[in-house]
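Engineer: Numbering (UniProt numbering), first residue to last: 1 to 130. Where is the CB? At the ideal position from N, CA and C, for every residue including glycine. Have a look at this one.
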């Protein structure tokens with residue numbers, strides 16, 4: 001599992017395979033944010049916000065962007081100019097019945113973020129790997 005720190009000090013975790021993806025969403029708090037590429041196989045990501053008190057999503061837009069950029073970066077769409085990344089609270093993620101390891105279903109419609117290629121910012125994010 002890859003672990004990074006956002007610019008505001010939040011932990012971002014990225015699964016490296018199906019087993020890690022499954023452990024990642026199962027072990028995360030319900031109020032953490034879960035990330036994935038839209039309609040494409042990809043790593044799962046978690047932005048750990050549950051250990052901060054009363055976080056409003058409007059105050060962590062940069063952290064959400066950084067988590068989404070990491071999902072794009074560690075995918076087959078790494079070099080695409082723009083990729084769509086979905087995210088929602090982890091409590092809205094459920095294991096797909098009879099699904100493969102790491103396969104999930106969404107309980108609610110996720111938010112969608114268009115993530116643009118930004119090599120300079122990505123380089124800074126990658127430097128925070130723990």
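Just the C-alpha distance for residue 25 and residue 19, rounded to the nearest angstrom, thanks.
Structural biologist: The residue labelled residue 25 in the question sits at position 25 within the chain shown. The residue labelled residue 19 in the question sits at position 19 within the chain shown. If I take the Cα positions, the gap works out to 10 Å.
Engineer: What does DSSP give as the partner residues of residue 35 in its beta bridges?
Structural biologist: As a first step, residue 35 must be located in the chain shown, where it is residue number 35. Per DSSP, 45, 87.
Engineer: Is it the case that the Cβ atoms of residue 92 and residue 46 are separated by a distance below 8 Å?
Structural biologist: Taking the chain shown and counting its residues from 1, the one referred to as residue 92 is at position 92. Taking the chain shown and counting its residues from 1, the one referred to as residue 46 is at position 46. For the 8 Å CB-CB criterion, residue 92 and residue 46 do not form a contact.
Engineer: Suppose the cutoff is 8 Å on Cβ atoms and the five residues either side in sequence are ignored; what does the same chain contact list for residue 111 look like?
Structural biologist: Working through the chain shown from its first residue, we reach residue 111 at position 111. The answer, listed in chain order, is 86, 87, 88.
Engineer: Which of the three DSSP states, helix, strand or coil, is assigned to residue 61?
Structural biologist: Looking up residue 61 in the chain shown gives position 61. Collapsing the DSSP output to three states places residue 61 in a helix.
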